[in-house]
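Mapping of the sequence shown onto UniProt numbering: position 275 corresponds to residue 275, and the numbering continues sequentially without gaps.
Cβ coordinates follow ideal geometry from the N, Cα and C atoms, glycine included.
Values in this document were obtained by computation on a predicted structure and should not be read as measured data.
Shown next, in structure tokens, is the structure this report addresses.
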Amino acid sequence: MDVTQELETFAAANSTAILERLNPVVTDAGLLAAFDNTPVDAEEYSSNLNPHLLALTLTSTQALIASLFTLPTKSSSSGPITLLPTPATVLPREKPLPKPKPPTKWERFAKAKGISHKKKEKDIWDEEKQDWVPRWGKGGKNREGEDQWLHEVKAGEDADLDPAKTAKNERKTRIAKNEKQHSANVAAASNSSAAAAASSTTGLSQEEKKSKRDLRKNELQRSMLISKTSTASLGRFDEKIQGEPKAKGVKRKFEPTVTDFKGEKSSALDVLKRLESGVGKVKKTKKGSSGEEGGLNVRKAVRFQGKQDRANGARPGDKKARRK
């Protein structure tokens, strides 16, 4: 039995052909991406959606794989590996650009004077050793006066003077001075940024400025209350700030764990007295009330029956009318 025709028909019905595109498919091997810029065929999209999408995918995939085979390769233990080029497509940035840091005092001065920053090399040439030595750190050029074995004592200096210790103290003094200046520059830069933020509200009206201040004040008060209510004492033992709101809440009262025997005895007797006062007593009911729980109020039942008899036109004591 020859089934060649049936197999060809089945293969033609279940295979996807490569589409011919008006605009060639653009590939970026660095990103392993293919871009099809041909306009969408509205008729194929509406009448034959899934096969049309499959054909488009197959066309773009074939173009991408064909571009990969044109790239150089190198051998490895797993086989030949294709060397991908640098991506040519510029993708959008995931996160916003970081805000520039405010310039320090030295940076503003250097910009005003036109001073260009020159990065110092890590190593420096030592003429005595005729070798490159580190500028800072262990064995650095800045510690040359501390590590040398022979020091010259100048005229007029004390005989017990330690030149190595003096050089070390001078180096630490310079470090402390630089750190202090750096901290002052950072503080000045932050103050300038805060002033710039304050100047951004100059165009607002007085009502808008007041609403912003009130909103900020409410946020601070809310944060203070949250921080105080995080403890069982509701901030009772915390330091007080002038004008801070009072924290409201349920304060739990705990009895001391160590008490004298008399106090514990009196509290236990009070509990027993309260229990004895409520044992064996029945609550008295008022006249005409519903009586005991689950019982019958006879007086109320008689009055109700009398009203029913009068409504039916019967005289009091007429048993026949009651039977009706």
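Asked, Found
"Where ASP147 sits in the DSSP three-state scheme", "helix"
"ILE81, DSSP secondary structure in three states", "strand"
"Close beta carbons around LYS324, own chain, < 6 Å, minus the five adjacent residues each side", "Unreliable positioning characterises LYS324 in this predicted model, as indicated by a pLDDT of 48, which lies under 50. A coordinate reading is not provided."
"C-alpha gap between ARG303 and SER277, whole angstroms", "37 Å"
"Within 8 Å, strictly: CB atoms of ASP28 and THR89", "yes"
"Pair within 8 Å by beta-carbon distance, LEU97 and THR82", "no"
"Between the CA atoms of LYS118 and LYS210 - distance to the nearest angstrom", "48 Å"
"Per-residue DSSP class, three states only, for PHE35", "strand"
"Assumed close pair LEU32, LEU64 - CB separation to whole angstroms, cut-off 8 Å", "7 Å"
"Alpha-carbon spacing of GLU179 relative to LEU84, whole angstroms", "48 Å"
"CA-to-CA distance, ALA311 to GLY288, given in whole angstroms", "Reliability of the predicted coordinates at GLY288 is poor, the pLDDT of 48 falling under 50, and the value obtained from them is presented with this limitation in mind. Cα to Cα, GLY288 sits roughly 23 Å from ALA311."
"For HIS182, the nearest candidate out of THR104, GLU170, GLU239 and SER233 (CA to CA)", "THR104"
"Proximal residues to HIS151 (C-beta, below 6 Å), its chain only, five neighbours per side dropped", "PRO163"
"Closest Cα partner of PRO100 within the set LYS154, ASN48, LEU49 and SER190", "SER190"
"Expected contact under 8 Å - CB spacing of LYS141 and VAL153 to nearest Å", "Their Cβ separation, rounded to whole angstroms, is 23 Å, which puts LYS141 and VAL153 out of contact at 8 Å."
"PRO51 - DSSP class collapsed to helix/strand/coil", "helix"
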